[in-house]
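Participant: Attaching a single structure in structure tokens format; questions to follow.
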Amino acid sequence: MQEDKNQIVSGILRARAELEQVLYEMEKLPAISESAVHFAAHALNNYLTVTGGTVELLLLMLANHPDKQVRTGLEALQQATNLMAHTVSRLVNAESGMDAEMRFEKVELPIMAQRFRMFYQRIADQKQIQCLVGSAVDVPPVWTDRVATAAALDNLFSNAVKYSPPGKRIWVEVVPQQDWVVCRVRDEGPGLSPEDQAKLFQRGILLTPRPTGGEPSTGYGLAVAKELIEKVGGEIWCESVLGQGACFSFRLPQYQEPVHGSDEMVPGSHEGRKHESRTVRHT
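Numbering-wise (the working numbering), the sequence shown opens with residue 309 and increments by one.
Encoded structure:
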């Protein structure tokens with residue numbers, strides 16, 4: 309463990325030094341420009357390396373801490389750091405004209421949903437909102453990019469809390485469906501009109517409902533969530549009746565075991581298939 313700690317500490321110190329150098333260079337920039345965006349992205353990347361390394365070190369040092377909430381809090385911070393690192397990666401890659409690389413792996417979606425529930429329950433408590441997670445028995449793992457999927461689920465969870473009035477409930481459900489796994493996030497918010505539903509998943513479009521606690525809204529979250537889910541071979545859609553809340557759902561291919569005698573994982577039968585467009589369902 310000591311060797312692991314030394315490597316993490318060395319990485320933190322190296323990233324911190326690079327961060328300080330980039331921040332110094334940013335001071336010389338007169339205004340926002342492509343150069344400013346470039347430096348800002350790399351400064352953020354180094355900051356996140358410092359933060360992520362520190363959290364990883366704390367998780368190692370406090371592995372046997374008697375208070376489980378300590379580890380839960382650190383894991384939530386680690387998750388948030390990973391999500392931000394993914395965002396910065398997209399910014400850097402966009403600048404270079406490249407798509408962010410997807411790293412596919414086997415992911416347990418019910419566990420991910422439960423971790424988000426624990427994280428957002430503390431935020432929801434400020435509005436007396438109850439977050440509930442229910443999963444079917446023996447939900448199979450999915451084959452996806454963990455951070456991309458987490459970023460999409462984070463947006464759906466965040467929106468449900470953001471647009472729900474005080475005292476309401478939010479339900480998250482993870483269920484298998486043929487060779488897919490479906491995740492649904494349902495709220496008791498204002499719901500969406502057919503006109504608003506037609507504008508869903510478009511960048512920079514603000515819909516009629518407004519956050520109930522004065523939270524900021526940019527109109528980009530759902531568009532990014534859709535892009536990420538589609539990049540990992542999934543689909544995302546919404547079901548809503550005005551005045552009766554909304555249910556945002558996405559589905560991902562189930563993980564398929566490797567073919568006998570091969571070291572490679574066989575992707576779901578949907579890999580490489582062009583999915584039919586299914587972004588909005590009117591009910």
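Ideal Cβ placement from N, Cα and C applies to all residues, glycine included.
Answer yes or no: do residue 523 and residue 476 have a C-beta to C-beta separation smaller than 7 Å?
Facilitator: Here residue 523 is taken as the residue at index 215 of the sequence shown, counted from 1. Here residue 476 is taken as the residue at index 168 of the sequence shown, counted from 1. Against a cut-off of 7 Å, the Cβ pair of residue 476 and residue 523 comes out as no contact.
Participant: By the DSSP assignment, the beta strand (DSSP E) with residue 548 in it spans what residues?
Facilitator: As a first step, residue 548 must be located in the sequence shown, where it is residue number 240. Segment 543–548, the beta strand (DSSP E) holding residue 548.
Participant: Using a 10 Å radius around the Cβ and a threshold of 16 neighbouring Cβ atoms, would you call residue 356 buried or exposed?
Facilitator: What you label residue 356 is simply residue 48 of the sequence shown in a count that begins at 1. Its Cβ being crowded by 16 or more others within 10 Å, residue 356 is buried.
Participant: Report the three-state DSSP secondary structure of residue 581 (helix, strand or coil).
Facilitator: Sequence index remark: in the sequence shown, residue 581 carries index 273 (1-based). The predicted model places residue 581 with a pLDDT of 37, which falls under 50 and marks its position as unreliable; any figure quoted below should be read in that light. Three-state DSSP puts residue 581 in coil, outside helix and strand.
Participant: At 3 residues or longer, what runs of the beta strand (DSSP E) sit wholly inside the segment 383–458?
Facilitator: List check, beta strand (DSSP E) in window: 412–415, 438–443, 450–453.
Participant: On the DSSP letters alone, give me the boundaries of the beta strand (DSSP E) that residue 478 sits inside.
Facilitator: Counting from 1 along the sequence shown, the entry for residue 478 is found at position 170. 477–485 is the extent of the beta strand (DSSP E) around residue 478.
Participant: Would you kindly work out how many angstroms separate the C-alpha atoms of residue 473 and residue 566, rounded to a whole number?
Facilitator: Locating residue 473 in the sequence shown gives position 165, where the first residue counts as 1. Locating residue 566 in the sequence shown gives position 258, where the first residue counts as 1. Spanning the two alpha carbons is a distance of roughly 46 Å.
Participant: Provide the residue span of the beta strand (DSSP E) that contains residue 560, from first to last.
Facilitator: Mapped onto the sequence shown, residue 560 falls at position 252. Its beta strand (DSSP E) spans residues 554–561.
Participant: Can we say the segment 379–390 touches the segment 421–438, given the rule of at least three CB pairs closer than 8 Å?
Facilitator: Short answer: they touch.
Participant: Assign residue 492 to one of three DSSP states: helix, strand, or coil.
Facilitator: Here residue 492 corresponds to residue number 184 of the sequence shown, with the count starting at 1. DSSP places residue 492 in strand when its eight states are reduced to three.
Participant: Using the beta-carbon count (16 or more within 10 Å), is residue 543 buried or exposed?
Facilitator: Residue 543 sits at position 235 when you count from the first residue of the sequence shown. Classification of residue 543: buried, given that the 10 Å Cβ count is 16 or more.
Participant: Are the segment 552–561 and the segment 484–500 touching by the rule of at least three beta carbon pairs closer than 8 Å?
Facilitator: Yes, they touch.
Participant: Grouping DSSP H, G and I as helix and E and B as strand, with all else coil, what is residue 591?
Facilitator: Here the question's residue 591 lines up with position 283 in the sequence shown. Interpretation of residue 591 is limited by its pLDDT of 38, a score under 50 that renders its predicted location unreliable; the figure taken from the coordinates is listed afterwards. Coil at residue 591, not helix or strand.
Participant: Starting from the Cα of residue 616, find the closest Cα among 439, 484, 432, 465 and give me that residue.
Facilitator: Absent from the model: residue 616. The displayed extent of the chain is 309 to 591, so no value can be given.
Participant: So, do the segment 527–537 and the segment 498–517 have three or more beta carbon pairs nearer to each other than 8 Å?
Facilitator: Output reads yes: the segment 498–517 touches the segment 527–537.
Participant: For residue 583, does the count of other Cβ atoms within 10 angstroms reach 16, so buried, or fall short, so exposed?
Facilitator: Within the sequence shown, numbered from 1, the residue matching residue 583 stands at position 275. Residue placement at residue 583 is poorly supported in this model, since its pLDDT is 38, which falls under 50; the coordinates still yield a value, given next. Result: exposed.
Participant: Relative to the C-alpha of residue 438, which residue among 534, 415, 480 is closest?
Facilitator: Reading the sequence shown from its first residue, position 130 is the one you call residue 438. Closest option to residue 438, Cα to Cα, is 480.
Participant: May I have the straight-line CA-CA distance separating residue 490 from residue 415, to the nearest angstrom?
Facilitator: Against the sequence shown, residue 490 aligns to sequence position 182. Against the sequence shown, residue 415 aligns to sequence position 107. In a straight line, the C-alpha of residue 490 is about 13 Å away from that of residue 415.
Participant: Return the CA-CA distance between residue 378 and residue 368, expressed in angstroms with no decimal places.
Facilitator: Position 70 of the sequence shown holds residue 378. Position 60 of the sequence shown holds residue 368. Whole-angstrom Cα-Cα distance: 12 Å.
Participant: Figure out for me which residue from 454, 487, 548 has the closest Cα to the Cα of residue 540.
Facilitator: By 1-based counting over the sequence shown, the position of residue 540 is 232. Nearest C-alpha to residue 540: 454.
Participant: Alpha carbon to alpha carbon, how far is residue 499 from residue 393?
Facilitator: By one-based count along the sequence shown, residue 499 stands at place 191. By one-based count along the sequence shown, residue 393 stands at place 85. Spanning the two alpha carbons is a distance of roughly 32 Å.
Participant: What residue from 517, 535, 450 has the CA that sits closest to residue 482's CA?
Facilitator: Locating residue 482 in the sequence shown gives position 174, where the first residue counts as 1. The candidate whose alpha carbon is nearest that of residue 482 is 450.
Participant: Go ahead and label residue 456 buried or exposed: buried means 16 or more other beta carbons lie within 10 angstroms of its beta carbon, across all protein chains shown.
Facilitator: On the sequence shown, position 148 is the one that residue 456 refers to. The residue is buried, with at least 16 neighbouring Cβ atoms inside 10 Å.
Participant: Are the CB atoms of residue 458 and residue 536 within a distance shorter than 7 Å?
Facilitator: Position 228 of the sequence shown holds residue 536. Position 150 of the sequence shown holds residue 458. Their beta carbons are not under 7 Å apart, which means residue 536 does not touch residue 458 by this criterion.
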